[in-house]
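Heads up: the structure comes next, in structure tokens.
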Amino acid sequence: MSSLAVLGCMWGDEAKAKIVDFLGADADVVVRFQGGANAGHTIVVNGIKYVFHTIPSGILYPETKCVIGAGVVIDPYSLKEEIESLEKLGLSFKGRLYIDERAGLVLPLHKKLDNKQESGLGAGKIGTTQRGIGPAYADQTSRTGLRMIDLAYPDWLNDRLQSLYASHEIAVTTPELEAEIADLNRIWEYLKEYVAPVDSLLLEWYKDDRYILFEGAQGTMLDIGFGTYPYVTSSHTITGGISVGTGIPPRCVDKVIGVYKAYATRVGEGPFPTELKNDTGQRIRIQGNEFGSTTGRARRVGWFDSVAARYSAQINGIDSMALTLLDVLSGLEEIKICTGYWILDTKLKRFPIHPVALSSVQTEYLSLKGWDKDITDCRSVRQLPKAAKEYLEAIQDIMEVPIELVSVGSDRIQTIVVK
Ligand code: IMO
Ligand code: MG
Numbered sequence: 038m039s040s041l042a043v044l045g046c047m048w049g050d051e052a053k054a055k056i057v058d059f060l061g062a063d064a065d066v067v068v069r070f071q072g073g074a075n076a077g078h079t080i081v082v083n084g085i086k087y088v089f090h091t092i093p094s095g096i097l098y099p100e101t102k103c104v105i106g107a108g109v110v111i112d113p114y115s116l117k118e119e120i121e122s123l124e125k126l127g128l129s130f131k132g133r134l135y136i137d138e139r140a141g142l143v144l145p146l147h148k149k150l151d152n153k154q155e156s157g158l159g160a161g162k163i164g165t166t167q168r169g170i171g172p173a174y175a176d177q178t179s180r181t182g183l184r185m186i187d188l189a190y191p192d193w194l195n196d197r198l199q200s201l202y203a204s205h206e207i208a209v210t211t212p213e214l215e216a217e218i219a220d221l222n223r224i225w226e227y228l229k230e231y232v233a234p235v236d237s238l239l240l241e242w243y244k245d246d247r248y249i250l251f252e253g254a255q256g257t258m259l260d261i262g263f264g265t266y267p268y269v270t271s272s273h274t275i276t277g278g279i280s281v282g283t284g285i286p287p288r289c290v291d292k293v294i295g296v297y298k299a300y301a302t303r304v305g306e307g308p309f310p311t312e313l314k315n316d317t318g319q320r321i322r323i324q325g326n327e328f329g330s331t332t333g334r335a336r337r338v339g340w341f342d343s344v345a346a347r348y349s350a351q352i353n354g355i356d357s358m359a360l361t362l363l364d365v366l367s368g369l370e371e372i373k374i375c376t377g378y379w380i381l382d383t384k385l386k387r388f389p390i391h392p393v394a395l396s397s398v399q400t401e402y403l404s405l406k407g408w409d410k411d412i413t414d415c416r417s418v419r420q421l422p423k424a425a426k427e428y429l430e431a432i433q434d435i436m437e438v439p440i441e442l443v444s445v446g447s448d449r450i451q452t453i454v455v456k
């Protein structure tokens, strides 16, 4: 076994980074393969909180190599800031951060376009993180985008940037263009030491039996193809995204752990069948500190949705689950798991892909007893209250996938390995 993928399997914010960090102790390499600074990956070690947006979470381990693959879109200005602020916290990047030459660039115009598109959609907006992600990926796909390595070719960069503005019918003056090129040249001088042929390096390391960990961002229900389109992000967040986002052959992904919250959350717009718009939802939101680490927005909260969860397990071919934030449910009298969707008098056999269908489903629930005890100090399943164990068993039975890890707090040590 030399590679492992840790993927968010719902609508993002599943505490993937916590799991990546826990498993990362043994990893030689941690790789981001999609998304960009829309991600907000939070890790707490010894009471210190770190939030990563584009940098792989593995950077906390001083010996671990960190890789940003071709499938990521990089805002070079925010990446520079992220590196500098983490360096201030004592983390080192020299010789261990590798950025693929092909990674797409998120430029200031993409953020403006993101903002403009969202305002234009009015009530139909997606609720994006406003990081320019959608417009940057759209430009990559329409072949007008800029990539990391373009920064090394000033004349080419100049022409491409000019065409990019023209393609969006945005007028720029020559001094504005020159100023932006000068900024990008400065950024290149700063970032170029990290730019590398990531595809070849990853395969070499894999063949060398190094342990490679792929860190997903967002989640399956936000995948551009298989998520709740159009209320999704613009990248492939699923197992299939690893190969297209790194250049490593699909067969080199040896194991997939799906990360699920013990309840569900969603930030932004779009259907959310198990959403709790009541006191219970508010209580979970407060208890779980369900406010975005990238945008600060209050997250929508709901019960664990096994219909969506089984769908994402299928799409990703997960081998096991990590169940996070179980401690947040402590103190609830009753805990529910959604076990089926109905439309009129028909129980659906599959997860419905159309937003109109998904917003109109009636949810069927299994009701379980809650537990009172604070479980943040539990370090084995045995120490958990009976009701919490029953909750885990119910999820495992419905999912037909084993639970491998349970998280009972944000700190690295608040993790249960299920034997
Ligand atoms: P992590 O990696 C939760 C959501 C946005 C919006 C939709 C599209 O921390 O789990 P985008 O800015 O990507 O075009 O927004 O996707 N979204 C996330 N939700 N966690 C994230 O990342 C997200 N990244 C994007 O809220 O609904
Ligand atoms: Mg997030």
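Numbering (our numbering), first residue to last: 38 to 456. Cβ atoms here follow ideal geometry from the backbone N, Cα and C, with glycine treated the same way.
Integer-rounded CB distance, given that residue j should sit under 8 Å from residue i
| i | j | result |
| --- | --- | --- |
| residue 142 | residue 194 | That pair is no contact at about 10 Å. |
| residue 397 | residue 380 | 6 Å |
| residue 189 | residue 229 | 7 Å |
| residue 407 | residue 259 | Wrong, their Cβ atoms sit about 29 Å apart, outside the cutoff. |
| residue 363 | residue 325 | Contact flag wrong, Cβ pair sits at about 10 Å. |
| residue 274 | residue 451 | So it is not a contact: roughly 26 Å between Cβ atoms. |
| residue 57 | residue 214 | Their Cβ separation, rounded to whole angstroms, is 40 Å, which puts residue 57 and residue 214 out of contact at 8 Å. |
| residue 378 | residue 369 | Contact doesn't hold; Cβ gap of about 23 Å is too wide. |
Residue i vs residue j beta-carbon contact at 8 Å
| i | j | result |
| --- | --- | --- |
| residue 359 | residue 445 | no |
| residue 235 | residue 394 | no |
| residue 95 | residue 253 | no |
| residue 110 | residue 170 | yes |
| residue 10 | residue 97 | Within the shown structure, residues of the chain are numbered from 38 to 456, placing residue 10 beyond reach of any answer. |
| residue 367 | residue 316 | no |
| residue 412 | residue 425 | yes |
| residue 376 | residue 402 | yes |
| residue 350 | residue 47 | no |
| residue 313 | residue 338 | yes |
| residue 430 | residue 294 | no |
| residue 224 | residue 113 | yes |
| residue 239 | residue 279 | no |
| residue 341 | residue 261 | no |
| residue 39 | residue 247 | yes |
| residue 205 | residue 150 | yes |
| residue 41 | residue 244 | no |
| residue 257 | residue 263 | yes |
| residue 59 | residue 419 | no |
| residue 272 | residue 174 | yes |
Cut-off 7 Å between Cβ atoms - residues of its own chain near residue i, not counting five sequence neighbours on either side
| i | result |
| --- | --- |
| residue 428 | 372 and 405 |
| residue 209 | 202 |
| residue 347 | 436 |
| residue 222 | 191 |
| residue 90 | 74, 76, 77, 115, 119 and 331 |
| residue 415 | 421, 445 and 453 |
| residue 197 | 183 and 187 |
| residue 162 | 155 and 306 |
| residue 311 | 301, 339, 340, 342, 375 and 400 |
Beta-carbon proximity list for residue i, same chain, < 6 Å, skipping 5 on both sides
| i | result |
| --- | --- |
| residue 304 | 329, 334 and 336 |
| residue 307 | 265 and 268 |
| residue 439 | 357 |
| residue 87 | 80 |
| residue 488 | Nothing can be reported for residue 488: it is not among the residues displayed for the chain, which extend from 38 to 456. |
| residue 447 | 81 |
| residue 93 | 67, 69, 103 and 252 |
| residue 164 | 305 and 306 |
| residue 322 | 338 |
| residue 148 | 169 |
Residue i, buried or exposed, once every other Cβ within 10 Å from all chains shown has been counted against 16
| i | result |
| --- | --- |
| residue 43 | buried |
| residue 68 | buried |
| residue 290 | buried |
| residue 327 | buried |
| residue 298 | buried |
| residue 399 | exposed |
| residue 137 | buried |
| residue 353 | buried |
| residue 390 | exposed |
| residue 178 | exposed |
| residue 55 | buried |
| residue 172 | buried |
| residue 226 | exposed |
| residue 200 | exposed |
| residue 51 | buried |
| residue 105 | buried |
| residue 84 | exposed |
Same chain, Cβ closer than 8 Å to residue i, five either side skipped, listed in chain order
| i | result |
| --- | --- |
| residue 101 | 61, 64, 65, 66, 67, 95 and 133 |
| residue 186 | 138, 139 and 232 |
| residue 387 | 348 |
Proximity test, residue i beta-carbon vs the ligand GDP heavy atom, cut-off 7 Å
| i | result |
| --- | --- |
| residue 50 | Among the ligands in the structure shown, the ligand GDP does not appear; only the ligand IMO and the ligand MG can be found there. |
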